[in-house]
Amino acid sequence: MPGYRAHLGFGFTLGLICLAGLFFWGMYRPPIETMAILLGLCLVGSLTPDVDTDSKGQNLVYSLLILFDLFLIFKGEYKWAAILGFCAMLPAIGHHRGWTHTWWAMLLIPLPILAAPVYLFHQPWQQVLPYYLAFVLGFFSHLLLDRQFF
50 MPGYRAHLGF
60 GFTLGLICLA
70 GLFFWGMYRP
80 PIETMAILLG
90 LCLVGSLTPD
100 VDTDSKGQNL
110 VYSLLILFDL
120 FLIFKGEYKW
130 AAILGFCAML
140 PAIGHHRGWT
150 HTWWAMLLIP
160 LPILAAPVYL
170 FHQPWQQVLP
180 YYLAFVLGFF
190 SHLLLDRQFF
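Here our numbering is used: position 143 in the sequence shown is 192, and no number is missing along the way.
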């Protein structure tokens with residue numbers, strides 16, 4: 050099965066192709082900084098299904114979760130910090146290529162990317178939808194490479 054480098058490479062390539070296509074056809078033309086963030090989320094998404102194993106992807110994803118949890122605590126959002134901490138423990142329940150390698154996990158796991166800005170900062174969901182979709186695309190690339198769809 051593919052390692053983390055293959056997942057990163059495929060996630061990056063798929064993300065770049067999608068961004069280039071959307072840009073070329075004039076459907077979505079964000080600033081370069083936003084494109085970099087979207088590609089970064091795509092990369093993190095491409096490693097996320099493997100958080101149920103001791104892997105480089107697990108180290109990266111949990112490092113980002115810790116930083117976000119600390120941010121929530123700093124902002125006084127203790128309820129959301131607790132929810133995030135609880136959700137971060139969920140991959141330990143399953144086995145490798147278990148529930149984290151499903152289509153519904155692909156849609157459910159990145160929901161905080163959509164929900165947090167909407168509920169905490171009152172951002173319109175349409176503004177943060179591209180970030181959610183970038184993560185989902187990366188997650189999809191992982192499942193596709195692991196042949197979980199076919």
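For each residue, glycine too, the CB sits at the ideal point set by N, CA and C. Source: prediction; values computed, not measured.
Q) Going by beta carbon distance, what residues of the same chain come within less than 6 Å of W148, once the five residues before and after it are set aside? A) Sequence index remark: in the sequence shown, residue 148 carries index 99 (1-based). Excluding sequence neighbours, W148 sits near A154.
Q.
Am I right that L57 and L92 are in contact with their C-beta atoms under 8 Å? What's the rounded C-beta distance?
A. For the purposes of this step, residue 57 is taken as the residue at position 8 of the sequence shown. For the purposes of this step, residue 92 is taken as the residue at position 43 of the sequence shown. Yes, they are in contact, since the Cβ atoms of L57 and L92 sit about 6 Å apart, within 8 Å.
**Q.** Reference A183; option with closest CA among K124, S104, A55, L156
**A.** Counting from 1 along the sequence shown, the entry for residue 183 is found at position 134. Nearest of K124, S104, A55, L156 to A183, Cα basis: L156.
Q. Which term fits Y180, buried or exposed, when burial requires 16 or more other beta carbons within 10 angstroms of its beta carbon?
A. Translated into the one-based positions of the sequence shown, residue 180 becomes position 131. Its Cβ being crowded by 16 or more others within 10 Å, Y180 is buried.
Q. Run through DSSP, which three-state label would R54 get?
A. Indexing the sequence shown from 1 puts residue 54 at position 5. Three-state result, R54: helix.
Q.
Which of the three DSSP states is assigned to G70 in this structure?
A. What you label residue 70 is simply residue 21 of the sequence shown in a count that begins at 1. Helix at G70.
Q. Hey, is the segment 80-97 in contact with the segment 52-66, meaning 3+ C-beta pairs nearer than 8 Å?
A. yes
Q) Excluding the five sequence neighbours on either side, which residues of its own chain have a C-beta within less than 8 Å of the C-beta of L87, listed in chain order? A) Here residue 87 corresponds to residue number 38 of the sequence shown, with the count starting at 1. Result list for L87: G64, L68, P79, P179, Y180, A183, in chain order.
Q) Do V100 and P161 have their C-beta atoms within less than 9 Å of each other? A) Position 51 of the sequence shown holds residue 100. Position 112 of the sequence shown holds residue 161. No, these two residues do not count as a Cβ contact at 9 Å.
**Q.** T97 beta carbon less than 9 Å from that of V110
**A.** Against the sequence shown, residue 110 aligns to sequence position 61. Against the sequence shown, residue 97 aligns to sequence position 48. Cβ distance < 9 Å, so V110 and T97 count as in contact.
(Q) Can you tell me where the alpha helix (DSSP H) holding A165 begins and where it ends? (A) Within the sequence shown, numbered from 1, the residue matching residue 165 stands at position 116. Element bounds for A165: 160-170.
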